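>
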Amino acid sequence: MEKRMKILSFAIVVTLLITSIAGAMVLLAAGKDNISTSTSLSSVRLQICGNANGDDIIDEKDIEAIQKIIDGGGEISNLTDANQDGVIDQKDIDQVEAIIDHEETRLYYVDIDGHNASVHTPVNSIIAIYNVYVEMVRALNATDLIVGVDDSISDYDTYFPELQSLPSVGNRFTPDVEQILSINPDVYFTGTRSYYDSELESKLAANGTDIDVVRLPCWEYGLLPQGMLTLGYILGHEDEAFEYLEWRDAILNRITEKVGKIAEENRTTSLGTFEGCAVSHGSGAFELMEIAGSNNIAGVLSSTGIYPTIEPEWVIENDPDVIVTWAVAGFYKGADISIIQEQLDSTREAYRAATAVAEGRTYVMAWDITCGPSDIISVAYYAKWFYPDLFTDLDPAALHQEYIDRFCGGIDLDVSTGAFVL
Numbered sequence: 001m002e003k004r005m006k007i008l009s010f011a012i013v014v015t016l017l018i019t020s021i022a023g024a025m026v027l028l029a030a031g032k033d034n035i036s037t038s039t040s041l042s043s044v045r046l047q048i049c050g051n052a053n054g055d056d057i058i059d060e061k062d063i064e065a066i067q068k069i070i071d072g073g074g075e076i077s078n079l080t081d082a083n084q085d086g087v088i089d090q091k092d093i094d095q096v097e098a099i100i101d102h103e104e105t106r107l108y109y110v111d112i113d114g115h116n117a118s119v120h121t122p123v124n125s126i127i128a129i130y131n132v133y134v135e136m137v138r139a140l141n142a143t144d145l146i147v148g149v150d151d152s153i154s155d156y157d158t159y160f161p162e163l164q165s166l167p168s169v170g171n172r173f174t175p176d177v178e179q180i181l182s183i184n185p186d187v188y189f190t191g192t193r194s195y196y197d198s199e200l201e202s203k204l205a206a207n208g209t210d211i212d213v214v215r216l217p218c219w220e221y222g223l224l225p226q227g228m229l230t231l232g233y234i235l236g237h238e239d240e241a242f243e244y245l246e247w248r249d250a251i252l253n254r255i256t257e258k259v260g261k262i263a264e265e266n267r268t269t270s271l272g273t274f275e276g277c278a279v280s281h282g283s284g285a286f287e288l289m290e291i292a293g294s295n296n297i298a299g300v301l302s303s304t305g306i307y308p309t310i311e312p313e314w315v316i317e318n319d320p321d322v323i324v325t326w327a328v329a330g331f332y333k334g335a336d337i338s339i340i341q342e343q344l345d346s347t348r349e350a351y352r353a354a355t356a357v358a359e360g361r362t363y364v365m366a367w368d369i370t371c372g373p374s375d376i377i378s379v380a381y382y383a384k385w386f387y388p389d390l391f392t393d394l395d396p397a398a399l400h401q402e403y404i405d406r407f408c409g410g411i412d413l414d415v416s417t418g419a420f421v422l
């Protein structure tokens, strides 16, 4: 209970911080860049129906909140209707009790796209696609539930050695439905419909299967905590979610306490860019760079998508203090430092007239630590790059190693053997 209370108290601080960003969460340009995420996802971390008081825990306080509504008081929200039958009554209290006791039930939740969804629990098997979604399951100590993956996992043989023999459903954006049916998991875990086969639910339903498709935030809008906590409840691993979030929140608190005191006019301006695009609202990287205390100049471009195209002239005109770029590296295919060095060199060449290049404040990072449970490592690096004098005691590489040692299933890896930052 002590650990849960620590998580709850810090959640209030985090909610206020993220809600300050939430005003920008609008419907983006049509097409692949469009992520229609409800702003409600940013204000409550636990998106399980039955979380009537909006904190990080399903407990007796939620029963009290529901009972108050039944008695004619209290505030009603979508999460108050625990069984999603449109009525707040004793059945909702029964549902909350079933969740607390880990009884077999159909659990209702709000997914990454703001849709009300449901999943049968307990979950005994899961297909997880994309390395960062797989990483979420592993960080919850639920790797034993994974029975299938996508084709990207084979490229991370040192990072996911325990999953190399599992069957693949192919491309994560357009998975092989027949293969999913053949594996027949309880759950197929993926992300937003804007990127990952928006018709998958209907394709599976057309085959008469009862496989539940679970879509939760991982990188979208920097809402990883919402995804981790909600997934923890879905998989019956909420205690592991609390442990992870306590660790993550402590790091975030160290950073936000300092950057929160910086006057607006003294904040570092930043730009995140790759392949001629910027990262803007919704990309996750944008939100994390802002949490680290910078003013991201690409915020004005959000109407053109989460990865708007930019020209060197625009970058030079707006002249950010720091430029960050990314590369597919990390532990990917035994990546070495030359991969990120090439990306850094090409970025410096593209924006060679920018102050950030002239002053040596252009950096490169592996995508792997920008998404998923290790995204807090990117925030630590951003903070260090944006305000080096303020964070002399912050060691992102040591935090990264701690993450691997604590939340990666006991794999024996040294972060110095990967290619993560320059």
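If you read the sequence shown in my numbering, its first letter stands for residue 1, the second for the next number, and so on.
Think of the CB as a built atom: it goes at the ideal place given N, C-alpha and C, for glycine as much as any other residue.
Keep in mind it's a predicted model, so treat the numbers as computed, not measured.
Mark F386 as exposed unless 16 or more other C-beta atoms lie within 10 angstroms of its C-beta, in which case mark it buried.
F386 should be labelled buried.
> Classify L288 as helix, strand or coil using the three-state DSSP reduction.
DSSP places L288 in helix when its eight states are reduced to three.
> At which residues does the alpha helix (DSSP H) containing V96 begin and terminate?
Where V96 is concerned, the enclosing alpha helix (DSSP H) stretches over 90–100.
> Quick check: the region 179–197 against the region 86–95, are at least 3 beta-carbon pairs closer than 8 Å?
No contact exists between the region 86–95 and the region 179–197.
> Identify every residue that forms a DSSP beta bridge with V119.
Partner(s): L107.
> Kindly indicate which three-state DSSP category D212 falls into: helix, strand or coil?
Here D212 sits in strand by DSSP.
> If you run the structure through DSSP and keep just helix, strand and coil, what is T192?
If DSSP states are grouped into helix, strand and coil, T192 belongs with coil.
> Using only the alpha-carbon positions, how far apart do N53 and I310 sit?
One C-alpha to the other measures close to 43 Å.
> From the DSSP output, in three-state form, read off F407 for me.
In this structure, F407 counts as helix in the three-state DSSP scheme.
> Taking its Cβ as the centre, do 16 or more other Cβ atoms sit within 10 Å of K261, making it buried, or is it exposed?
With fewer than 16 Cβ atoms within 10 Å of its Cβ, K261 is classed as exposed.
> Quick test of your reading: C425 and Y307, contact by CB under 8 Å. State the CB separation rounded to the nearest angstrom.
Residue coverage of the chain in this structure runs from 1 to 422, which leaves residue 425 outside it and unanswerable.
> Once the 5 residues before and after L229 are set aside, which same chain residues still bring their CB inside 7 Å of it?
Hits under 7 Å: R45, L46, D56, A241, L245.
> Three Cβ pairs or more, each shorter than 8 Å: is that satisfied between the region 105–112 and the region 371–386?
No contact exists between the region 105–112 and the region 371–386.
> Comparing alpha-carbon positions, which option in T192, P217, V177, Q226 lies nearest S202?
Here the closest residue by C-alpha is V177.
> Report the three-state DSSP secondary structure of I146 (helix, strand or coil).
Three-state result, I146: strand.
> Assign P161 to one of three DSSP states: helix, strand, or coil.
In the structure shown, P161 sits in a helix (DSSP, three-state: H, G or I).
> Roughly how far, in whole angstroms, is the beta-carbon of A380 from the beta-carbon of P396, given that I think they are within contact range, below 8 Å?
A380 to P396, Cβ: 4 Å. Contact.
> Relative to the C-alpha of A292, which residue among T209, D81, G305, G272 is closest?
Residue G272 is the option with its Cα nearest to A292.
> Are T392 and V364 close, meaning C-beta to C-beta below 8 Å?
No, they are not a contact pair.
> Just checking my contact of W219 with R406 at CB under 8 Å: how many whole Å lie between their CB atoms?
With a Cβ gap of about 21 Å, W219 and R406 do not count as contacting.
> Pick helix, strand or coil for N184, following the three-state DSSP scheme.
Coil, per DSSP.
> Nearest-angstrom Cα distance between L235 and T121?
Spanning the two alpha carbons is a distance of roughly 8 Å.
> For the alpha helix (DSSP H) that I127 lies in, which residues bound it at each end?
Not the alpha helix (DSSP H): I127 falls in the beta strand (DSSP E), residues 126–128.
> Between the Cα of A142 and those of G409, T256, D71, spot the shortest distance and give me the residue it belongs to.
Checked all of G409, T256, D71; the closest Cα to A142 is G409.
> So within the region 219–259, which uninterrupted alpha helix (DSSP H) runs reach at least 4 residues, ignoring any that extend past its ends?
As far as the region 219–259 is concerned, its whole alpha helix (DSSP H) runs of at least 4 residues are 224–235, 238–259.
> Mind checking whether T256 and L413 have CB atoms under 8 Å apart?
It is not a contact, given that the beta carbons lie outside the stated cut-off.
> Give the DSSP bridge partners of C277, in chain order.
BP columns for C277 point to F274, T309.
> Taking 8 Å as the threshold (C-beta atoms), are I340 and P320 in contact?
Against a cut-off of 8 Å, the Cβ pair of I340 and P320 comes out as no contact.
> With a Cβ-Cβ cutoff of 8 Å, do S152 and Y130 count as a contact?
Contact: yes.
> Roughly how many angstroms lie between the CA atoms of V187 and G74, to the nearest whole one?
Cα to Cα, V187 sits roughly 35 Å from G74.
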